[in-house]
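This report refers to the structure that appears directly beneath it.
Residue numbers (our numbering): 1 to 222.
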């Protein structure tokens, strides 16, 4: 059993417990429909990412027998991760372009914006990039790819835990609003985007099975 997978699962579980804790009455911050739509899209997509990350952690627990599943979940992660980067990047740009609607909305703390977020983005892109290289070529271009994948995964895990502590509660609330029939603005287009992202991830995961990855031996738990 991989200790890394076990630690990742425990961190995800701890973040989930934190999101479900009762909280006081939140401050009321005025928000325009397009701000609400962006928040809902980001939050609900974040919920999907949480589920997929939990699946990744499970495959890492027993990476040898579950390596092909690890590949599949990794490919399924690509569209939701890209959507996450686009939706948060859009909000970031609008905020610093002095867009009135987004300036009125409460921004994340400075620590999250300028410390955690950049580390998380770089680590996520590195994990995915090195993972794709290993899936396609194994160690043909050097064994350092595996080291880079492992190190970036550890950094990603730590940064993601901090991120989830701050944002997972919002995802839970957005999902509850969807289930209760009280979705934020532009629900139809948002659901279409989320559905398309999930379907594309499923297609990529299925297509990955058509290629026999050379990376299969010498993989063990840490």
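From the three backbone atoms N, C-alpha and C, an ideal C-beta is built for every residue, glycine too.
Between residue i and residue j, which are expected to be in contact by the criterion C-beta below 8 Å, what is the C-beta distance as a whole number of angstroms?
i: residue 15; j: residue 161; result: 6 Å
i: residue 57; j: residue 9; result: 4 Å
i: residue 75; j: residue 216; result: That pair is no contact at about 16 Å.
i: residue 197; j: residue 109; result: At roughly 28 Å, the Cβ-Cβ gap does not stay under 8 Å, so residue 197 and residue 109 are not in contact.
i: residue 81; j: residue 124; result: 6 Å
Let me make sure I understand the geometry here. Which of the options has the alpha-carbon closest to that of residue i?
i: residue 172; options: 208, 5, 42, 11; result: 42
i: residue 11; options: 176, 164, 203; result: 164
i: residue 50; options: 144, 191, 66, 169; result: 169
i: residue 271; options: 52, 73, 21, 40; result: Since the first residue shown for the chain is 1 and the last is 222, residue 271 is missing from the structure and cannot be characterised.
i: residue 192; options: 83, 67, 17, 52; result: 83
i: residue 117; options: 205, 148, 144, 85; result: 85
Quick one: is residue i buried, meaning 16 or more other Cβ sit within 10 Å of its Cβ, or exposed?
i: residue 106; result: exposed
i: residue 153; result: buried
i: residue 233; result: It is not possible to answer for residue 233, since the shown part of the chain is limited to 1 through 222.
i: residue 159; result: buried
i: residue 19; result: buried
i: residue 60; result: buried
i: residue 47; result: buried
i: residue 130; result: buried
Might you give, ordered along the chain, the residues of its own chain that have their beta carbon closer than 7 Å to the beta carbon of residue i, omitting 5 neighbours on each side?
i: residue 38; result: 87, 90, 91
i: residue 102; result: 35, 91, 94, 95
Can you list, in chain order, the residues of its chain with a C-beta nearer than 6 Å to that of residue i? Leave out the 5 residues immediately preceding and following it.
i: residue 213; result: 135
i: residue 138; result: 214, 215
Going by the C-beta, is residue i closer than 7 Å to any heavy atom of the ligand GDP?
i: residue 77; result: Questions concerning the ligand GDP fall outside what the structure shown contains, since it holds no ligand whatsoever.
Give every residue of the same chain whose Cβ lies closer than 8 Å to the Cβ of residue i, excluding the five residues on either side of it in the sequence, and list them in chain order.
i: residue 141; result: 133
i: residue 112; result: 162, 163, 166
i: residue 28; result: Bear in mind that a pLDDT of 49 at residue 28, under 50, signals an unreliable position, so the model cannot answer this.
i: residue 175; result: 43, 44, 47
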